[in-house]
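Reviewing the structure listed below.
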Amino acid sequence: MQAALRAGAEALLVTHAPDVRYLSGFTGSSGAVALAGGRAALFTDGRYTTQAKAEVNGLRLVIDKRSPGVQAVEWLAAAGVKKCAFDAAQTSVAALELMKKAVNQALKAVPAPMRRSFFVATDGLVARIRQVKDEDEIVRMRKAAAVGCGLFSAVLQYLIPGVGETQVAAQLEFMARLAGVEAMSFETIVASGERSALPHGRATAAKLPAQGFVTLDFGVLLGGYCSDMTRTVHLGRPSEREWDVYHSVLEAQEAAIAAVSPGVRCSEVDEAARSVLRKAGLEKEFSHSTGHGVGLEIHEGPRIAARQEQVLEPGMVITIEPGAYLSSGAALKARRPGSRTKKGHPVAKAFGVRIEDMVLVTKSGHELLTAASPKDWIEL
Ligand code: ZN
Ligand code: ZN
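Shown next, in the form of structure tokens:
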């Protein structure tokens, strides 16, 4: 709200479902929250009457046939609001047009130039507040993370050469539902063999190989909050290169986790991971950012990436997920200086490794929410 006021607005209109839920408790897919002059109201349509009455607390509830955004605009106009902030990043052009029409109707008596400047575009006001979790949210996220860890241990028995990636994903998701989760927080990634070199290898009909990595990246939705974790295991004996790359990624991941503390810039956490992989000659192979915030949405702020000057605050929950994806001949053959020798099959094929944990920023440092899943080398 502070930023909205700085932008010259006297009211705020929120339509992005996770933001609406955060402010009102309403979990329906069609809702809007309007805040003006110390008053707040939730708008939805008749499909959600029972649900909204049960969920919404502390806000006025308005139910009508028209779109929640339009209802909210009329309410704001009736309250005498002349300038209203909205989240440009979460509002479609079509929705904005509809709301502008509603402003024109509701404020007929007001001169046209004033009507045209009714909406003030802002970026992620509620999203910014949501980055810092309160106690209740942290309890939910701890539970979601713990369920994720349990699923990882339970799915290991299905990682057998010849089993399809989709079958592994199905087992994992079936067990997740039995554990009581509302949904998966995103499409489960099972990337095996050469497909482990794809940072976003969704489960396909591909069969798990006799030798090679399997990357599992998945999360559950529990109590409205997302979990997100990645583990990479090896089927059969690894090559020396595979062993080295895994341990470089693990070292990078642990270095980044160790850097997580209030007051630290996101770019510093990213650099902690990146510098380890740079030393190991894997800088180019680490082709994405180190992590992201997680909460009501699977990807939210802050971004843990280079040049992100945002500072970590207690209550933020972030992922730390460096990876290395090797598909070029040179990268596959390169040896880390002084690497330990481990006998195994020669590697000529592409492979990749990613390791991801959820980390809570605490007052004094950090807490690993996915600590129940060890990251030591797993060979099946
Ligand atoms: Zn993930
Ligand atoms: Zn993630």
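Position 127 of the sequence shown, counted from 1, bears residue number 135 in the working numbering, the numbering being contiguous throughout. Idealized CB from N, CA, C, for every residue including glycine.
For residue i and residue j, what's the separation of their Cα atoms in angstroms?
i: residue 162; j: residue 387; result: 15 Å
i: residue 254; j: residue 180; result: 23 Å
i: residue 274; j: residue 319; result: 6 Å
i: residue 155; j: residue 224; result: 15 Å
i: residue 256; j: residue 335; result: 17 Å
i: residue 147; j: residue 30; result: 15 Å
i: residue 28; j: residue 378; result: 28 Å
i: residue 117; j: residue 125; result: 15 Å
i: residue 220; j: residue 200; result: 7 Å
i: residue 307; j: residue 132; result: 13 Å
i: residue 171; j: residue 216; result: 6 Å
i: residue 7; j: residue 40; result: The shown model of the chain, from 9 to 388, leaves out residue 7, and the question about it has no answer.
i: residue 142; j: residue 303; result: 11 Å
i: residue 157; j: residue 313; result: 25 Å
i: residue 290; j: residue 160; result: 27 Å
i: residue 355; j: residue 202; result: Interpretation of residue 355 is limited by its pLDDT of 49, a score under 50 that renders its predicted location unreliable; the figure taken from the coordinates is listed afterwards. Near 11 Å, if we compare the C-alpha coordinates of residue 202 and residue 355.
i: residue 106; j: residue 84; result: 15 Å
i: residue 265; j: residue 328; result: 7 Å
Take the Cβ of residue i as the centre, count every other Cβ of all protein chains shown within 10 Å, and call the residue buried at 16 or more, exposed below.
i: residue 345; result: Note on residue 345: pLDDT 47, under 50, position unreliable in the model; no value is reported.
i: residue 17; result: buried
i: residue 192; result: buried
i: residue 165; result: exposed
i: residue 82; result: buried
i: residue 371; result: exposed
i: residue 36; result: buried
i: residue 73; result: exposed
i: residue 271; result: exposed
i: residue 182; result: exposed
i: residue 330; result: buried
i: residue 20; result: buried
i: residue 252; result: buried
i: residue 66; result: exposed
i: residue 64; result: buried
i: residue 310; result: buried
i: residue 97; result: exposed
i: residue 381; result: buried
i: residue 122; result: exposed
i: residue 358; result: buried
Could you tell me whether any non-hydrogen atom of ligand 1 is closer than 7 Å to the CB of residue i?
i: residue 365; result: no
i: residue 390; result: In the structure as shown, the chain begins at 9 and stops at 388. Residue 390 is therefore absent and cannot be evaluated.
i: residue 244; result: no
i: residue 231; result: no
i: residue 227; result: yes
For residue i, is the beta carbon positioned less than 7 Å from some heavy atom of ligand 2?
i: residue 278; result: no
i: residue 298; result: no
i: residue 329; result: yes
Measure how close the beta-carbons of residue i and residue j come, nearest whole angstrom, since I'm counting them as under 8 Å.
i: residue 174; j: residue 213; result: 6 Å
i: residue 210; j: residue 190; result: About 21 Å separates the two Cβ atoms, so there is no contact after all.
i: residue 323; j: residue 140; result: 4 Å
i: residue 198; j: residue 177; result: 5 Å
i: residue 130; j: residue 77; result: Residue 130 to residue 77, Cβ: 16 Å. No contact.
i: residue 222; j: residue 243; result: 6 Å
i: residue 51; j: residue 70; result: 5 Å
i: residue 263; j: residue 281; result: 6 Å
Would you say residue i lies against chain C (beta-carbon separation less than 8 Å)?
i: residue 143; result: Within the model displayed, chain C is absent; a lone protein chain is all it includes.
At a threshold of 7 Å, does residue i count as lining ligand 3 (C-beta to nearest heavy atom)?
i: residue 325; result: This structure simply doesn't include ligand 3; it includes ligand 1 and ligand 2 instead.
Inset, instruction - Please determine if the segment 288 to 302 and the segment 242 to 250 are in contact, where contact requires at least 3 C-beta pairs separated by less than 8 Å. - result: At 8 Å Cβ cutoff, the stretches do not touch.
Legend entry - Inter-stretch contact at 8 Å, needing at least 3 Cβ pairs: the segment 43 to 60 / the segment 80 to 94: Short answer: they touch.
Inset, instruction - Flag this pair as touching only if the segment 102 to 116 and the segment 55 to 66 have three or more C-beta atom pairs under 8 Å; answer yes or no. - result: Three or more beta-carbon pairs separated by less than 8 Å are not found between the segment 102 to 116 and the segment 55 to 66, which leaves the two stretches without contact.
Inset, instruction - Say whether the segment 230 to 238 touches the segment 264 to 282, bearing in mind that this needs 3 or more beta-carbon pairs closer than 8 Å, one atom from each stretch. - result: They do not touch, by the three-pair rule.
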